[in-house]
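Take any residue in the sequence shown, note its place counting from 1, add 62, and you have its number in my numbering. All C-beta atoms, glycine included, are put in the ideal place defined by N, C-alpha and C.
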Amino acid sequence: VWLVIWPSQQVVIASTNQVLAGGQALPEAAAKGARALFASRTNVMFSMPLLFFMGAARHLILDRDFSQVQFWAVSASIGLTLLLLEINALKGTKLGPLTTVRGVVHAGVLLTAVLYLLVEVTTR
């Protein structure tokens, strides 16, 4: 939020203030606004699995006896999934399903299901 969304919002706010004062809009304001929107919606999508796993922590106990290899396989697969999604949020240009609030909710639920399945499959 502080490294992507807030700086982009500052440019949009400065552009709006400049227009209100009778000046011209900043040319980069539209692109910065789109970047802030994309990052914000990605944050909402990431919040869903976060809330699920926090809420399920007491009931979703992973007390299986798995080896170090399985632990690192789980960690690497989850980390890679999140890294690819974060790179898309920072460098991507198409919103895809994140265009609408409904799409964000569906993407968040899908991400939650994928992460849950990764944990279940790789720790059995």
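Contact between residue 166 and residue 107 is confirmed by a C-beta separation of about 6 Å, below the 8 Å threshold.
Closest in C-alpha terms to residue 66, from the list 98, 89 and 85, comes 98. Around the C-beta of residue 111, 16 or more other C-beta atoms lie within 10 Å, and the residue is accordingly described as buried. Annotation for residue 64: no alpha helix (DSSP H) segment contains it, and DSSP assigns it neither H nor E.
Contact between residue 73 and residue 90 is confirmed by a C-beta separation of about 6 Å, below the 8 Å threshold.
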